[in-house]
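First comes the structure, then the notes that go with it.
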Ligand SMILES: Cc1ncc(COP(=O)(O)O)c(C=O)c1O
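Numbering (full-length UniProt numbering), first residue to last: 1 to 361.
Written out as structure tokens, the structure reads:
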């Protein structure tokens with residue numbers, strides 16, 4: 001008998017399914033399946049990354065001080081309370097690794113991001129899914145779901161894949177209602193799409209039981225660089241830094257992120273384009289009977305009459321070279337998540353859904 005066995009929980013992890021990028025037999029695809037920025041990274045980020053590439057033989061800076069300083073300046077945060085990771089995924093993993101283990105529970109919502117469950121299981125903890133109310137985080141359900149084994153509560157605000165968000169007052173009520181010893185994680189992967197929203201940073205600053213995670217993968221267009229960050233009480237950031245590898249973020253990613261965060265005009269342009277075409281697309285789909293909740297992100301969750309109809313539409317879209325995301329794995333079988341592309345992509349997508357609704361196969 002083979003005595004080499006993985007830790008408990010690992011084999012319960014279903015391997016993460018990322019958004020498809022290819023369709024067999026179709027050469028020119030439009031990828032709207034991974035919530036990427038259709039305009040790509042800031043040209044300043046590309047330039048900074050190219051310059052950093054020439055020094056690739058050197059290990060990167062391990063304390064990330066210049067980037068933490070830049071983030072601190074842009075967001076008005078103390079750099080000592082910031083940690084950088086290889087994507088915010090890594091910060092989520094650190095949080096589970098440091099604060100949950102066998103016998104502990106990690107809460108997240110019914111349609112919450114799948115890495116919460118994966119990271120909880122990887123830490124040996126028990127993932128617990130809590131109902132939402134009509135695709136919106138339900139604070140009362142989360143509070144009622146806490147037991148004396150709960151250690152972490154994750155919410156994404158705005159949420160993926162629903163696109164909805166809850167108010168700062170609701171988040172504060174959640175933080176203040178949690179039992180002692182439970183850490184609330186506010187995942188702000190899509191926060192940049194909400195004008196004037198601090199992703200809960202002020203709540204983190206005024207409390208000791210909240211951590212916020214952020215990413216450069218979405219509005220900043222750096223998904224391929226793998227860089228994100230977290231902001232929390234100094235004592236918690238100190239704990240996370242103990243498990244962080246010294247060179248967890250590459251020098252090219254650090255350079256690109258620092259240049260991106262300082263390119264405020266580019267950020268504003270991408271945010272405005274997204275908002276414009278998000279509204280246009282939601283309306284165009286609603287006109288042909290495909291409804292969605294008001295989205296606060298760079299995607300919309302398009303709802304069809306049934307799982308069969310959603311799947312048939314997805315198949316039709318693929319034939320047209322349009323790749324969107326099925327979300328049955330997020331308990332939303334009758335929906336498709338559609339990333340907001342540029343104008344051409346949005347018009348193409350709307351026309352294809354209209355044709356499908358008119359009987360095209
Ligand atoms: C809600 C949410 N959190 C976190 C992430 C992870 O992003 P990254 O690891 O690229 O920073 C994603 C990516 O899709 C997301 O949707």
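Positions of the beta carbon are idealized from the N, C-alpha and C atoms, including for glycine.
CB-CB length for residue i against residue j, believed under 8 Å
i	j	result
residue 251	residue 52	5 Å
residue 229	residue 85	7 Å
residue 237	residue 253	With 8 Å as the limit, residue 237 and residue 253 do not qualify as a contact, their Cβ atoms being about 19 Å apart.
residue 34	residue 315	Residue 34 to residue 315, Cβ: 19 Å. No contact.
residue 127	residue 116	7 Å
residue 335	residue 285	Not confirmed; about 12 Å, so no contact.
residue 71	residue 82	6 Å
residue 234	residue 88	Not confirmed; about 19 Å, so no contact.
Closer than 7 Å: residue i CB and nearest ligand 1 heavy atom
i	result
residue 212	no
residue 115	yes
residue 189	yes
residue 156	yes
residue 389	This structure leaves residue 389 out entirely; the chain is present only between 1 and 361.
residue 215	yes
residue 241	no
residue 148	no
residue 359	no
residue 42	no
residue 35	yes
residue 306	no
residue 61	no
residue 331	no
residue 228	yes
residue 160	yes
residue 295	no
DSSP beta-bridge partners of residue i
i	result
residue 31	323
residue 211	185
residue 108	129
residue 84	229
residue 301	337
residue 26	23
residue 74	Partner(s): none; residue 74 has no beta bridge.
residue 291	303
Within-8 Å CB hit, residue i to chain D
i	result
residue 99	Protein chain content of the structure displayed is limited to a single chain, and chain D is not contained in it.
Taking only runs of the alpha helix (DSSP H) that begin and end inside the segment 222-273, which ones reach a length of at least 4 residues, in chain order?
Qualifying alpha helix (DSSP H) stretches, in chain order: 234-243, 251-262.
Tell me the start and end of each unbroken alpha helix (DSSP H) in the segment 135-191 that is at least 4 residues and wholly inside, in chain order.
139-145, 168-177
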